[in-house]
Each structure stands twice: as C-alpha cells, then as structure tokens.
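J.: Residue numbers (the working numbering), protein chains in the order written: chain A, 1 to 69; chain B, 70 to 138; chain C, 139 to 207; chain D, 208 to 276; chain E, 277 to 345; chain F, 346 to 414. Beta carbons are placed, not taken as given, at the ideal position from N, Cα and C, and that holds for glycine. My structure is below; once you've seen it, I'll send some questions.
Number of protein chains: 6
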Amino acid sequence: MALSARNRLAGTVRSLETEGLMAEVVVETDDGQEVTAIITSGSADRLGLEEGAEVNAVVKATEVMVENR
Amino acid sequence: MALSARNRLAGTVRSLETEGLMAEVVVETDDGQEVTAIITSGSADRLGLEEGAEVNAVVKATEVMVENR
Amino acid sequence: MALSARNRLAGTVRSLETEGLMAEVVVETDDGQEVTAIITSGSADRLGLEEGAEVNAVVKATEVMVENR
Amino acid sequence: MALSARNRLAGTVRSLETEGLMAEVVVETDDGQEVTAIITSGSADRLGLEEGAEVNAVVKATEVMVENR
Amino acid sequence: MALSARNRLAGTVRSLETEGLMAEVVVETDDGQEVTAIITSGSADRLGLEEGAEVNAVVKATEVMVENR
Amino acid sequence: MALSARNRLAGTVRSLETEGLMAEVVVETDDGQEVTAIITSGSADRLGLEEGAEVNAVVKATEVMVENR
C-alpha cells in the first residue's frame, strides 16, 4: 500500500446517506463493529459508493485516541 | 457513552512504545485487525496503558476516509 | 478521565443548530470564551444536546495550533 | 481575523517542551483552563514561543468533540 | 506569519458552494493544482469568500499524508 | 483513485528527517511550494521514502482551512 495512513479496516458499506455537501458512510467490519465516516458527497460519488460495496475505512494514526474500558 | 466521537473499536493493547513527547499504541481489535494510535506520552501515562490492557480506539467520524477495495 | 484526548474545556451549550447530517454546537466556557464544534446530527441526538446543557468541549492535542498575539 | 478556523482561545504559554521533531505547548486560558498543543519544533522556533508568551490556541471546528458532564 | 500551521498554499478561489452549515471551497494554486476545503458556512461568510478571491489554503503538518507515485 | 481524500498534490521529497516515532517529510510541489507532513517513522520506512522520491501529499478536505491574503 502506497499511502502513509497506518489504519485500514476492511469492511462492507452498510449505509450511505448524502445530504448537501456531506455524506455519511457506515462501514461494518468483518467482525461486526461499525465505523462511521463523514466524507464529501463529491468523494462518495467519485468512488461510486453504495450499500454492499467492499471498502476500507482509513484513518491516520495521529487521529486515533485511546480510551480505557 | 457521553462523547460525540462516533467510532469506538474494542481491543487489546498489543504494543506501547514511548519516545520523547509521543507514544505509539497498537490496539488489536477482537477480530485481529490492528489500529495504531499516536498520542502524547503524558496521556499514555495518565491512562496507565500497558500491553494487554483492554481499551477502545476512538475516532471522530470526520477523520475517517473510505477507500475502494 | 479514561480518554487520551488532553483538552477538555467545561462550558454550557449556547446554541445548537442541526442541518442535514451535521450539527453546529456553540459552547461558552466559564470565562465567556466560545468554542464551536461541528459534530454529526446523530451524535447530537445521541447525547441529547440542547441549549443550557453542561458539556465539555474535547480536543486532541495534535489538533491544536498556536498563534502569536 | 483572516483564518477560517473558528476557535481561538486567548491565553499564556505555561510550559514549552521540545523533543526531537515535536513540541508540546501548554496554554493557560484567562480563566485558568489548560489547553495542550502538539506542534512541530520548527513551528515553535519560528513563532519564538517561550513561557509567558501571550498566544491563542486555535482549533478548527470540525476537530472539536462534545461530551456530556 | 503568526500561526503554527506549517502549510500555506497560495491560490485563487475557483468555486464556493454553501449548503446548510458547511461550505466547500475549491482553491486553485498558482500552478493549477486544486485544493478543496470544507469549512463552516459561518467562516465562509466571515471571510467574505467569493470566486476570484486570493486566499491561502492552510493545513497543519500532522494532517498531511504521503503517498508514493 | 480509490481513496476519498480529495486533495493530492504532486511533488518531490526535498527532505526527510526521522526522530523517534515521528518523521517530518518536506514535499516540494511542481511549482515550488513546500508542503510538510508529519507521519510515523514506521510509515516512512514502509513507503521507502527518501530525498528525490516522487510522491503525493494527501489531505482530507475537512482538514483544510482558508485564509484571506
């Protein structure tokens, strides 16, 4: 993989909602955890996202926080 | 949960490396995917993070990108 | 506090505006400074945010810039 | 102000620690709350930051989360 | 420049679209590359942005990723 | 391109400095503007970054601010 972003979670698009400039994409990972992404509607169109699509949720490591359980 | 950040992935700390001001925390989710977080050393200390600790990796939805597979 | 994010400013919700997928929350800190947050409408609903609610504005340290006055 | 970032908290630099590429700047706002910023050492040098300096902590609204108290 | 954010790309506003709380600003840099910013509508108004305006696109270094070509 | 991040600036690595967990990469775009990225040392290694390498600087649109000139 050619991109520096460290985190890449494989999953399937469970829902895609577009309103105005923004789109909310819910990705279900293979073990059933959900990851929600807010991207631009323009990017959602460009990627051809739709329910059932196989995607990765990608996150730069500096954006991840840690929380004790 | 009282925090607006939408994404919370349950896992276990697999490694913790601290150098200077920053710490790199690798969290393995329950299905074996890895999430790497860069946080401050001060926060790693305050949370008492160590290998084997049960934590959540937390990410604001606006920080998540989507990538076609 | 169990979350690695370092910054937590106590205040009161002064306004909450929801349009489509996003919500804009203005928090007034105890000394009268304003902090504006853009979160998802879904999170605003989940937290039950409304004017007058006592909240913290939370920011990861890597997201903060510094500016000379 | 000419920058789109909405949040600008006036304060004083209480501590500045530089290690390698990164610097940790603790800003105390006028009502005594602390805001910690992680910036590059290069930027800390360029701004001439030092304890006692009067600065603003600046944050883009999309980076702010909200938490119930 | 008084702000710690390292990256400042000079360009011209090529399009500005506002919908609800958010605005999408496309900046064309002097060599013809495009940079898209999502900011609040409130900030777009406050800055008086419009097509043809001369602006800088500003990005904190921790938000930049690198990708091999 | 398969990634939702909208901004992708083509350039050449002008300097790469690694200290501890973090790396600072300065990319010079084709028209001579500089973009600095802070990524993990691990990612810099994985990408095989070095001076002269042809790369893209990649930024999510929600991370870009706009400033009047």
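For a contact defined as C-beta to C-beta under 8 Å, what are the partners of alanine 300 of chain E on chain A?
T.: Here residue 300 of chain E corresponds to residue number 24 of the fifth sequence, with the count starting at 1. Checking the displayed sequence, the identity of residue 300 of chain E turns out to be glutamate instead of alanine. Leu21, Thr40, Gly42, listed in chain order.
J.: Are the C-beta of aspartate 45 of chain A and some C-beta of chain B separated by less than 8 Å?
T.: As a first step, residue 45 of chain A must be located in the first sequence, where it is residue number 45. Answer no: the Cβ-Cβ gap between aspartate 45 of chain A and chain B never drops below 8 Å.
J.: Would you mind telling me which residues of chain D sit closer than 8 Å to glutamate 412 of chain F, beta carbon to beta carbon, in chain order?
T.: Walking along the sixth sequence from the start, residue 412 of chain F turns up at place 67. Neighbours of glutamate 412 of chain F on chain D, chain order: Ala209, Leu210, Ser211.
J.: Given that threonine 131 of chain B touches chain D, what residues does it touch there, using C-beta distances under 7 Å?
T.: Taking the second sequence and counting its residues from 1, one reaches residue 131 of chain B at position 62. Near threonine 131 of chain B (Cβ distances below 7 Å), the residues of chain D are Thr269.
J.: Can you list, in chain order, the residues of its chain with a C-beta nearer than 6 Å to that of arginine 146 of chain C? Leave out the 5 residues immediately preceding and following it.
T.: Position 8 of the third sequence, counted from the start, is the residue given in the question as residue 146 of chain C. The answer, listed in chain order, is Asn194, Val196.
J.: Whole angstroms is fine: what's the gap from arginine 115 of chain B's alpha carbon to leucine 85 of chain B's?
T.: Numbered from 1 along the second sequence, position 46 holds the residue referred to as residue 115 of chain B. Numbered from 1 along the second sequence, position 16 holds the residue referred to as residue 85 of chain B. Rounded to the nearest angstrom, the two C-alpha atoms are 14 Å apart.
J.: Taking 7 Å as the limit between beta carbons, can you name the residues of its chain near glutamate 123 of chain B, skipping five residues before and five after?
T.: Taking the second sequence and counting its residues from 1, the one referred to as residue 123 of chain B is at position 54. Cβ within range, chain order: Thr81.
J.: Measuring straight from C-alpha to C-alpha, what distance separates serine 250 of chain D and glycine 52 of chain A?
T.: On the fourth sequence, position 43 is the one that residue 250 of chain D refers to. On the first sequence, position 52 is the one that residue 52 of chain A refers to. Their Cα atoms are separated by approximately 44 Å.
J.: Give the C-beta separation of alanine 217 of chain D and aspartate 237 of chain D to the nearest angstrom, bearing in mind that I take them to be a contact with Cβ-Cβ under 8 Å.
T.: Within the fourth sequence, residue 217 of chain D is the residue found at index 10, counting from 1. Within the fourth sequence, residue 237 of chain D is the residue found at index 30, counting from 1. With a Cβ gap of about 6 Å, alanine 217 of chain D and aspartate 237 of chain D count as contacting.
J.: What residues from chain E crowd round glutamate 396 of chain F, counting only those whose CB sits closer than 7 Å?
T.: One-based indexing of the sixth sequence puts residue 396 of chain F at position 51. Within 7 Å Cβ-Cβ: nothing; glutamate 396 of chain F doesn't reach chain E, min ~13 Å.
J.: Spell out the partners DSSP gives alanine 106 of chain B in its beta bridges.
T.: For this step, residue 106 of chain B is matched to residue 37 along the second sequence. Beta-bridge pairing links alanine 106 of chain B to B:Val94.
J.: So, is the C-beta of glutamate 261 of chain D closer than 8 Å to a C-beta in chain C?
T.: Reading the fourth sequence from its first residue, position 54 is the one you call residue 261 of chain D. It does; some Cβ of chain C falls within 8 Å.
J.: From the DSSP output, read off the bridge partner residues of arginine 8 of chain A.
T.: Along the first sequence, one-based indexing puts residue 8 of chain A at 8. According to DSSP, which records beta bridges pairwise, arginine 8 of chain A is partnered with A:Val58.
J.: Taking 8 Å as the CB-CB limit, is threonine 236 of chain D close to chain C?
T.: The sequence position of residue 236 of chain D within the fourth sequence is 29, counting from 1. For threonine 236 of chain D, the answer is yes, since a Cβ of chain C falls inside 8 Å of its Cβ.
J.: Could you tell me whether the Cβ of glutamate 310 of chain E comes closer than 8 Å to any Cβ of chain A?
T.: Translated into the one-based positions of the fifth sequence, residue 310 of chain E becomes position 34. Chain A contact via Cβ: absent.
J.: List the whole-angstrom C-beta distance separating methionine 70 of chain A from threonine 40 of chain A, where the pair is believed to meet the contact cut-off of C-beta under 8 Å.
T.: For chain A, the structure presents residues 1 to 69; residue 70 of chain A sits outside this window and is missing.
J.: Could you name the residues that DSSP lists as bridge partners for serine 360 of chain F?
T.: The residue you call residue 360 of chain F lines up with position 15 of the sixth sequence. Serine 360 of chain F is bridged to F:Val371.
J.: Need the endpoints of the beta strand (DSSP E) that valine 411 of chain F sits in, please.
T.: The sequence position of residue 411 of chain F within the sixth sequence is 66, counting from 1. Here the beta strand (DSSP E) through valine 411 of chain F covers 410–413.
J.: Can you tell me whether leucine 323 of chain E is helix, strand or coil according to DSSP?
T.: For the purposes of this step, residue 323 of chain E is taken as residue 47 along the fifth sequence, with counting starting at 1. Reduced to three states, the DSSP call for leucine 323 of chain E is helix.
J.: Who are the Cβ neighbours of glutamate 369 of chain F in its own chain at under 7 Å, not counting the five residues just before and after it?
T.: On the sixth sequence, residue 369 of chain F is found 24 positions in, with the first residue counted as 1. These residues qualify, in order along the chain: Glu362, Thr381, Ile383.
J.: Just confirm the distance between the C-beta atoms of glycine 20 of chain A and glycine 158 of chain C, as a whole number of angstroms; I'd bet it's less than 8 Å.
T.: As a working note, residue 20 of chain A is residue 20 in the first sequence. As a working note, residue 158 of chain C is residue 20 in the third sequence. That belief holds up - the Cβ atoms of glycine 20 of chain A and glycine 158 of chain C are roughly 5 Å apart, short of 8 Å.
J.: Just tell me which of C:Leu141, C:Ala140, C:Leu187 has its CA closest to the CA of arginine 152 of chain C.
T.: On the third sequence, residue 152 of chain C is found 14 positions in, with the first residue counted as 1. The shortest Cα separation from arginine 152 of chain C among C:Leu141, C:Ala140, C:Leu187 belongs to C:Leu187.
J.: Return the CA-CA distance between valine 372 of chain F and lysine 336 of chain E, expressed in angstroms with no decimal places.
T.: Taking the sixth sequence and counting its residues from 1, the one referred to as residue 372 of chain F is at position 27. Taking the fifth sequence and counting its residues from 1, the one referred to as residue 336 of chain E is at position 60. If you take the alpha carbons of valine 372 of chain F and lysine 336 of chain E, they lie about 14 Å apart.
J.: Alpha carbon to alpha carbon, how far is glutamate 34 of chain A from arginine 207 of chain C?
T.: Translated into the one-based positions of the first sequence, residue 34 of chain A becomes position 34. Translated into the one-based positions of the third sequence, residue 207 of chain C becomes position 69. Looking at the two C-alpha atoms, the distance is approximately 43 Å.
J.: Between the C-alpha atoms of glutamate 339 of chain E and alanine 71 of chain B, what's the straight-line distance to the nearest angstrom?
T.: Taking the first residue of the fifth sequence as 1, we reach residue 339 of chain E at position 63. Taking the first residue of the second sequence as 1, we reach residue 71 of chain B at position 2. So the alpha carbons of these two residues sit roughly 26 Å apart.
J.: For valine 196 of chain C, decide whether its Cβ has a neighbour in chain B, counting only Cβ atoms nearer than 8 Å.
T.: To locate residue 196 of chain C, count along the third sequence from 1; it is residue 58. Chain B, which has a Cβ nearer than 8 Å to the Cβ of valine 196 of chain C, makes this yes.
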